[in-house]
Structure formats: C-alpha cells, structure tokens
Amino acid sequence: MFFCVIIFKNMMKFSSQRGTRDILPVDMPYWHGLEAVCRRLFRLYNYHEIKTPIFESTELFARSIGESSDIVSKEMYTFKDKGDRSITLRPEATAPVVRAAMQNNLIENDKVTKLYYIGPMFRYERPQAGRYRQFYQAGVEVFGSKDPALDAEIILLSEQIMNRLGLKDLEVNLNSVGCSECRPEYLKNLKDFFTSNIKSMCEDCNNRLEVNTLRILDCKNKQCQEYINNASIIEDYLCENCRNQLEQVKVYLDKFSIKYKTVNRLVRGLDYYTGTTFEIVSGKLGAQNAVCGGGRYDNLVAEFGGKPTPAVGFAIGMDRVVEILKQNTEHGKQNTDHRRKMLYVVTLGDKGREKGIDLLFQIRKRGYEADIDYVGKSLKSQMKDADRQNVKYVLIVGEDEVKSGKAILKNLATSEQKEISFDDVLTLIL
Ligand code: AMP
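See below:
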C-alpha cells in the first residue's frame, strides 16, 4: 500500500496553487458545524442570505477599498476577459454586496436591510499559517441606520457565534477611524509626525507615508513601533458625532457584558471604513490572529451613486476559526460518542448481498444514512471498513440471516449486537 502511494505521488502532474488548499472530507465536519452556527445565528438576528458572483469589475473594488490600499495595489487577482473587460476575483464581499443591494433595489428609504453571505475570497498575499490566497468569509452587512445599537448588535452577533462554537481566549478590539469631517485633520498631524521620522522607518512605512498614512499604524516592525507609539491618537481628533457614536457603542457593549479593549491604533486595511471599527483576535493563533473584522462604512452607498445610506458590517475569517476548532478537538474536547449516525450493510454470499442491497436502498429511502461495500471485500474487511468510516451501526446479512428472516445489528460504539427481523430494521434503527 505504502509503495502504491509513492508511485502515485510520483506520477502526479498537478498540485494546488500556492496559497490555496483542498479542504478534505476529514475536515468537513468543522466547516459544516461553523457554517450551521453562522446561519442559525444570522437568522436569529434576522439577516437574509445573499450570494454575489465570485468576480466583479475591477473598478468596483478600486473605488471602494481604495487604490492605495494593499488589497487593491498589490493583492488582487485581476485579468482581462475575452471582451477586454478588467475583471477581479472578489478580495472581499462588502463592495459586491453593496453593489448587489443597490442594483436589486434592496435598499429603501426608512428601511433597514440586513444581509449575510458565506463564501470564498481571493487575495494575492504572502501565504503563511492562517493566511491564504483563497480563503473563506462569513459576514453581514446592514444598510439604513446609524443607530449605535446596530454597531453593538453586530459585535454581539460575532461574539455569540464564537461563543456558540466554544472559542475561548478571544478579545474584542474597538476603535473609531473618524469620518470625512474629523479624519483629514488627524491624517495631517500623523503625516507631519511620520515625515520627520520616516528615514528611520521600514520600506513599507516609507511607501505608505504618501499614499496611505493611516496604515503605517498597522506596521509590526519593531523599530517602526517606537515611532508609532509616540504618534498622536485618533481619539483626540474625533468630531462630536464620531465621539458620541463610539461612546454609545461602548454603553451597549457594557450593557450586554461584552468585554472589549479600546485600541487607538486599530485601523483596517480597507479605505471605506468610517467611524466604529472592531476586530476580534484570538490568543490561540500565531501572527495572523484576527478572526473577525468589521465596522461602519457610511459613505459607500453614496460613493456608488446611491442616496447617502449609513451601513455597518463584519467578516469572520472561517479558515482561522476552523483552525481553532481543530485545536479544541485535539485537546480532547470532542464528544465521546463521535460515531456518525449511519448504518453500514455488511453482507456474506450472493443471497446475503441481494437482500443487503434491497435493505440498503429501503433504509436510505426512509432517510437514514447508509452504505455498503462495492469492491467484493471479505466479511472481516467490510467490518474494518465500517469502523474506519466511523459509522455507528453495522447490519450483517448472510445466507443464514436470509433463511431466518433476521439480520444482526451491531452498535460499534458499544459493541452490543442483537438479532433483528428485516421488517424491524426499517423501524427500529430510525
Ligand atoms: P478583512 O476583510 O481584511 O477585514 O478580514 C476579515 C477577516 O477575514 C480577518 O479577520 C481574517 O480572519 C480573515 N482573512 C482576511 N484575509 C485572510 C487571508 N488571506 N487568509 C485567511 N483569512 C483571512
């Protein structure tokens, strides 16, 4: 067997692209569990699912995320299609959801529109643990209200999802990035400050100084950190509206007993954010420790040509959440009866097989998961296969069983077994 695998691997001509990976059946329970919890809680808060295309016009992202952002300037998968249109694989879903909501008239006056999405995103980033070129996000977008209760609602929602999944060691970081009224003044001060120190800072910071000064605050370089720590903080520049908004969000979070930390240096990599921004970070991951990020983007609908409409949203990084779920399972927090509620039909002899297939199809028709061997394995190998597939029940049907009209039902979790008439198989196990 080992030998066969080697030969097969050597013959293999293709492998997945750098920064992408196959999500294998063994990991699917984590993905399905995460998706199910997201969907349940999104519905609990009255969000409705939307699916947008994987690709959009390049301009949609350039206009919203910002030409000078890392995403647009370095990380997009952009190509010309056969009609000479510039197309980009979506690096995030906010801009597409805004476009879709506007195009399909989902945003109306005096109405709050709550949408959610789950799907793959694409960014040409340097791959490392927790950072991929194709990754998955589950997120929400709300249009039509500036109420700080809504900012608090989405933070509460993302927290509740993490809680429901059993994730611990999480921290909510909160900030405001100001608005078009107060941010320019802060940016001017920041730029003046960094200009006088820029010679001692890293190449990335040098590049960001002119095009995206705010993002210098994101730099992890030790030497740059010293300057960053001495730079002024946005809190001192917020206008009354932004200040009140942030304060009221905090009041709601306190009311809901959500622990958070005000992080004045928290800026997000996307230009469309205004006011409240937040991130949830995990102590269980390495450098890429953010599992959720979001905030307000009150100008985007207007920038896309619609009526000014306040909006707020977040995106959960599903790959990173799955990583933590897997760690939790490895640390023994798994349910002890982890066997799948499924039946494996094991047969012996031609008559046994004929009856076994008959029962198999009937069992499935009744809505119970079931399978059988299709390569003529021995009884022992069929039993091994059932065990390997982690099924809970095995139904053994041989020539003797056909004669007596009774099969043997074995519970692999407890090793108990009993005789059961063919008629009862269909009623008893369900
Ligand atoms: P963003 O859209 O940049 O605000 O990211 C929201 C969340 O998506 C982050 O907190 C991460 O959990 C996740 N995320 C972003 N980029 C990647 C990536 N390249 N690989 C895996 N997860 C990512």
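In case it helps, my numbering puts the sequence shown at residues 1 to 430.
Just so you know, even glycine gets a beta-carbon here, dropped at the ideal spot from N, CA and C.
Would you say the beta carbon of residue i comes nearer than 6 Å to a heavy atom of ligand 3?
i	result
Lys111	As for ligand 3, it is missing from this structure, which binds only ligand 1.
Within the same chain, show all residues whose beta-carbon is closer than 7 Å to that of residue i, passing over the 5 residues directly before and after it, in chain order.
i	result
Gln160	Leu41
Asp169	Ser282, Gly283, Lys284
Met1	For Met1, the predicted structure reports a pLDDT of 46, less than 50, and the residue's modelled location is therefore unreliable. The matter cannot be settled from this model.
Glu235	Asn264
Arg123	Ile71, Glu75, Pro91, Arg133
Glu108	none
Ile233	Asn264
Phe304	Val98, Arg99, Met102
Gly293	Arg268, Glu279, Phe314, Ala315
Tyr77	Thr88, Leu89, Phe122, Tyr124
Leu426	Gln362, Ile363, Arg366
Cys4	Residue placement at Cys4 cannot be trusted, given a pLDDT of 49 that sits under 50; what the coordinates show is reported in the next sentence. So no residue of the chain qualifies.
First and last residue of the beta strand (DSSP E) that includes residue i?
i	result
Asn173	170-176
Gly317	311-317
Phe304	Phe304 -> no beta strand (DSSP E), and no H or E assigned at all.
Leu89	86-89
Thr195	Element bounds for Thr195: not the beta strand (DSSP E) but the alpha helix (DSSP H), 183-195.
Glu56	55-57
Tyr77	Counting along the chain, Tyr77 falls outside any beta strand (DSSP E), and DSSP gives it neither H nor E.
Tyr260	260-262
Would you list the one or two residues that DSSP bridges to residue i?
i	result
Thr113	Phe143
Lys406	Ser421
Glu279	Asn173, Gly293
Tyr344	Asp371, Val394
Arg133	DSSP output for Arg133 lists no bridge partner at all.
Pro127	In the DSSP output, where bridge partners are listed per residue, Pro127 has none listed.
Ile118	Ala138
Glu49	Tyr116
Asn411	Tyr393
Ends of the alpha helix (DSSP H) at residue i?
i	result
Tyr273	Unbroken run through Tyr273: none, as it is neither H nor E.
Phe42	28-44
Phe361	349-365
Lys384	379-388
Asp218	Premise fails: Asp218 is in no alpha helix (DSSP H) and is neither H nor E.
Met102	94-103
Ile501	Lying before the first or after the last residue shown, residue 501 is absent from the chain, which here runs from 1 to 430.
Cys239	Cys239 -> no alpha helix (DSSP H), and no H or E assigned at all.
Leu24	That residue, Leu24, is in no alpha helix (DSSP H); it is neither H nor E in DSSP.
Arg339	That residue, Arg339, is in no alpha helix (DSSP H); it is neither H nor E in DSSP.
Leu106	Leu106 -> no alpha helix (DSSP H), and no H or E assigned at all.
Val72	Run containing Val72: none; DSSP gives neither H nor E here.
Leu209	203-211
Am I right that residue i and residue j are in contact with their C-beta atoms under 8 Å? What's the rounded C-beta distance?
i	j	result
Met342	Val397	At roughly 16 Å, the Cβ-Cβ gap does not stay under 8 Å, so Met342 and Val397 are not in contact.
Asp371	Ile65	At roughly 47 Å, the Cβ-Cβ gap does not stay under 8 Å, so Asp371 and Ile65 are not in contact.
Thr276	Asp151	5 Å
Val345	Met383	Between Met383 and Val345 the Cβ distance is about 12 Å, and since that is not below 8 Å, they are no contact.
Ser200	Gln225	About 12 Å separates the two Cβ atoms, so there is no contact after all.
Gly349	Glu419	With a Cβ gap of about 18 Å, Gly349 and Glu419 do not count as contacting.
Can you give me the Cβ contacts of residue i inside the same chain, cut-off strictly under 8 Å, excluding the 5 residues immediately before and after it?
i	result
Ser415	none
Val322	Asp27, Tyr30, Trp31, Leu34
Thr519	Past the boundaries of the shown model lies residue 519; the chain is included only from 1 to 430, so the question cannot be answered.
Glu59	Ser86
Val37	Ile161, Arg164, Leu165
Gly356	Val345, Val346, Thr347, Ile372, Leu395, Val397
Apart from the five residues just before and just after residue i, which ones in its own chain have a Cβ nearer than 6 Å to its Cβ?
i	result
Ala302	Pro308
Gly130	Leu285, Gln288, Arg320
Val249	Pro148, Asp151, Ala152, Thr276
Leu253	Ala152, Tyr260
Thr329	none
Leu174	Tyr260, Thr262, Phe278
Gly19	Pro127, Tyr132, Arg133
Tyr45	Leu157
Ile155	Phe278
Gln417	Ile408, Lys410
Leu325	Tyr30
Ser196	none
Asp81	Ile87
Ser68	Val211, Asn212
Establish whether the CB of residue i and some CB of chain C are separated by less than 7 Å.
i	result
Leu325	As a matter of chain content, chain C is missing from the structure shown, which is built from one protein chain.
(request) Evaluate contact between the region 38-53 and the region 10-29, counting only Cβ atoms and requiring at least three cross-stretch pairs below 8 Å. (result) no
(message) Check whether the region 284-299 and the region 183-192 touch, using three or more Cβ-Cβ pairs below 8 Å as the test.
(response) no
(message) I want to know whether the region 11-23 touches the region 310-317 - three or more CB-CB distances under 8 Å.
(response) no
(message) Under 8 Å: do the region 205-220 and the region 236-244 share three or more Cβ pairs, one atom per stretch?
(response) no
(request) Flag this pair as touching only if the region 134-148 and the region 196-205 have three or more C-beta atom pairs under 8 Å; answer yes or no. (result) no
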